[in-house]
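>
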Amino acid sequence: MAKIGRFKSDRARAAYMSAYDEMAALSPIPYTECDVETSFGTTHVHTFGAGPGTPLVLLHPLGGNGLCWYPVIEELSRDRVVYTLDTIGTAGRSVQTAPITEQAQFGTWLDEVLAGLDTNRAHVLGYSDGGWHASMAGFHNAKRLASLTVIEPGGVVVKLRWSALFQIMKFAIVPSTKNMTRMNKWVMPGVPISEVEMRAAKASLGYQRHLPWGTVFEDTDLQSITIPSLWIFGGESEICHPAEVAGQRVRTNVAQAEVEVYAGLGHGLFFANTEIVVPRILEFLRRHDGSARSGTTDLG
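This is the structure in structure tokens:
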């Protein structure tokens, strides 16, 4: 029988939620919160900003949650509503009640969240592990999506190297502050980690995740993404390596793709190099705020 994600104990949940609540102080702007019912459980949503732009949905990286966007949220929400989700089946305030065992179900989940928010059209942006989740929605259930922005999607355009996987596993085996600091500097160069984020990262190991992991897309998967999309890679990324190969696969197979490979930048570029990356994203979003959806293929 398929399993669902949950905290290992009440104590584990309390430890994580304590750090989660402290992360609220990191936000530079106010927000509201709500829970949206879906077929897979309730999804916790933070709502930032206001304005006439098409709403934007953010899907967080591995180990993150809907509060991890504080380095970029003020600029992203300057002229639009931004929804940041606690991805179902990961540590956070979302509560999974039914299993997700197939890629297509990520698209179904996100579509149901948008329906619950009474949002018929939205941009979706995913970072790292969230980039994989966003891509699933991009070719499995994209009828509400205005565009797709995928930043450093680990292990799905090019295969994750064993050396990278080994470094990540070392932290999971020995989740000490020293190992976490080392891993953060290696994976996310230029992105400092606060004490509260350190506590949240450690406490997230008290959550048992039962979600599919990202696997390398076939060419036909990429070809099924027919909405406008922006793909961003760091030229020195340890996760999407080699970045030029990843970018070329996207250029070759995704019909409406725009690709940026930033030389000299690493996997942490979204938070470490906001002055370069965020304006590029905003330009893309504004250009597609009013464009008609071009059609999608549902593989589910």
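Just so we're aligned, residue 0 is where the sequence shown starts under numbering that gives the first Met the number 0, counting upward by one. C-beta atoms are modelled at their ideal positions from N, C-alpha and C, and glycine is treated no differently.
1. Looking at C-alpha atoms only, which residue of His43, Pro51, Trp68 is the closest neighbour of Ala271?
2. When the Cα of Leu221 is compared with those of Pro278, His139, Gly234, which residue comes out closest?
3. Drop a sphere of 10 angstroms on the beta-carbon of Gly91, count the other beta-carbons inside from all chains shown, and report buried for 16 or more, exposed for fewer.
4. Give me the Cα-Cα distance between Lys177 and Met187, rounded to the nearest whole angstrom.
5. Secondary structure at Thr273, three-state DSSP: helix, strand or coil?
6. Determine the contact status of Ala14 and Ala202, defining contact as a CB-CB distance below 7 Å.
7. Kindly indicate the opening and closing residues of the beta strand (DSSP E) around Ser223.
8. Among Val249, Leu268, Asn119, which one has its Cα closest to the Cα of Asn183?
9. Taking 6 Å as the cut-off, does the CB of Lys142 come closer than this to any heavy atom belonging to the ligand NAD?
10. Classify Asp20: buried if its beta carbon has 16 or more other beta carbons within 10 angstroms, exposed otherwise.
11. Out of Leu109, Leu284, Gln166, Thr83, which one is the CA nearest neighbour of Arg181?
12. Whose C-beta lies closer than 7 Å to the C-beta of Arg79 among residues of the same chain, with five residues either side of it excluded?
13. Taking the beta strand (DSSP E) that His122 belongs to, which residues open and close that run?
14. Have a look at Thr89 and Arg5 and give me their C-alpha separation to the nearest angstrom.
15. Can at least three beta-carbon pairs, one atom from the segment 211-225 and one from the segment 244-258, be found at a separation below 8 Å?
16. At what residue ranges does the segment 147-199 contain a whole run of the alpha helix (DSSP H), taking only runs of 4 or more?
17. Nearest CA to the CA of Met197: which residue from Gly65, Glu217, Ser175?
18. Classify Ser17 as helix, strand or coil using the three-state DSSP reduction.
19. From Gly62 to Leu264, what distance separates their C-alpha atoms?
20. Quick check on DSSP: helix, strand or coil for Leu281?
21. Taking 7 Å as the threshold (C-beta atoms), are Leu284 and His59 in contact?
22. So what's Gln95 in DSSP terms, helix, strand or just coil?
23. State the CB to CB distance for the pair Val155 and Thr107, rounded to an integer number of angstroms; the pair is presumed to be in contact (CB under 8 Å).
24. With H, G and I counted as helix, E and B as strand and the rest as coil, what does DSSP make of Gln207?
25. Following the continuous alpha helix (DSSP H) through Arg248, name the residue where it begins and the one where it ends.
26. Closest to Tyr82 by C-alpha separation, out of Gly153, Ala97, Arg120, Lys158, would be which residue?
27. Taking just the CA atoms, how far does Leu116 sit from His45?
28. Between the beta-carbon of Pro152 and the beta-carbon of Trp131, is there less than 7 Å?
Taking the structure as given:
1. As a working note, residue 271 is residue 272 in the sequence shown. When each option's Cα is compared against that of Ala271, the closest is Trp68.
2. Position 222 of the sequence shown holds residue 221. Among Pro278, His139, Gly234, the Cα nearest to that of Leu221 is on His139.
3. In the sequence shown, residue 91 corresponds to position 92, counting from 1. Buried.
4. As a first step, residue 177 must be located in the sequence shown, where it is residue number 178. As a first step, residue 187 must be located in the sequence shown, where it is residue number 188. The alpha-carbon of Lys177 is positioned some 15 Å away from that of Met187.
5. Along the sequence shown, one-based indexing puts residue 273 at 274. The answer is helix: DSSP assigns Thr273 an H, G or I state.
6. Taking the sequence shown and counting its residues from 1, one reaches residue 14 at position 15. Taking the sequence shown and counting its residues from 1, one reaches residue 202 at position 203. Taking C-beta atoms as the reference points, Ala14 and Ala202 count as a pair closer than 7 Å.
7. To locate residue 223, count along the sequence shown from 1; it is residue 224. That residue, Ser223, is in no beta strand (DSSP E); it is neither H nor E in DSSP.
8. Walking along the sequence shown from the start, residue 183 turns up at place 184. Closest in C-alpha terms to Asn183, from the list Val249, Leu268, Asn119, comes Leu268.
9. In terms of ligand content, the structure shown is empty, and the ligand NAD therefore cannot be addressed.
10. As a first step, residue 20 must be located in the sequence shown, where it is residue number 21. That one is exposed.
11. On the sequence shown, residue 181 is found 182 positions in, with the first residue counted as 1. Ranking the options by Cα distance to Arg181, first place goes to Gln166.
12. As a first step, residue 79 must be located in the sequence shown, where it is residue number 80. Taken in chain order, the residues that qualify are Gly48, Gly50, Gly52, Thr53, Pro54, Leu55.
13. Residue mapping note: residue 122 aligns to position 123 of the sequence shown, counting from 1. His122 -> beta strand (DSSP E) spans 121-126.
14. Counting from one through the sequence shown, the residue named residue 89 turns up at place 90. Counting from one through the sequence shown, the residue named residue 5 turns up at place 6. C-alpha separation (whole angstroms): 8 Å.
15. yes
16. 161-172, 176-186
17. Translated into positions along the sequence shown, residue 197 becomes position 198. Residue Ser175 is the option with its Cα nearest to Met197.
18. Mapped onto the sequence shown, residue 17 falls at position 18. Residue state, collapsed to three classes: helix.
19. Along the sequence shown, read from residue 1 onward, the residue named residue 62 stands at position 63. Along the sequence shown, read from residue 1 onward, the residue named residue 264 stands at position 265. Answer to the nearest angstrom: the Cα atoms are 21 Å apart.
20. Here residue 281 is taken as the residue at index 282 of the sequence shown, counted from 1. Helix.
21. Reading the sequence shown from its first residue, position 60 is the one you call residue 59. Reading the sequence shown from its first residue, position 285 is the one you call residue 284. Not in contact: His59 and Leu284 (Cβ atoms no closer than 7 Å).
22. As a working note, residue 95 is residue 96 in the sequence shown. In the structure shown, Gln95 sits in a strand (DSSP, three-state: E or B).
23. As a working mapping, residue 155 is identified with position 156 in the sequence shown. As a working mapping, residue 107 is identified with position 108 in the sequence shown. Contact doesn't hold; Cβ gap of about 19 Å is too wide.
24. For the purposes of this step, residue 207 is taken as the residue at position 208 of the sequence shown. Note: Gln207 maps to strand in three-state DSSP.
25. The residue you call residue 248 lines up with position 249 of the sequence shown. Segment 242-252, the alpha helix (DSSP H) holding Arg248.
26. Indexing the sequence shown from 1 puts residue 82 at position 83. When only C-alpha atoms are compared, the closest one is Arg120.
27. Translated into the one-based positions of the sequence shown, residue 45 becomes position 46. Translated into the one-based positions of the sequence shown, residue 116 becomes position 117. Roughly 11 Å between the two C-alpha positions.
28. As a position in the sequence shown, residue 152 is number 153, starting the count at 1. As a position in the sequence shown, residue 131 is number 132, starting the count at 1. For Pro152 and Trp131, yes; Cβs fall inside 7 Å.
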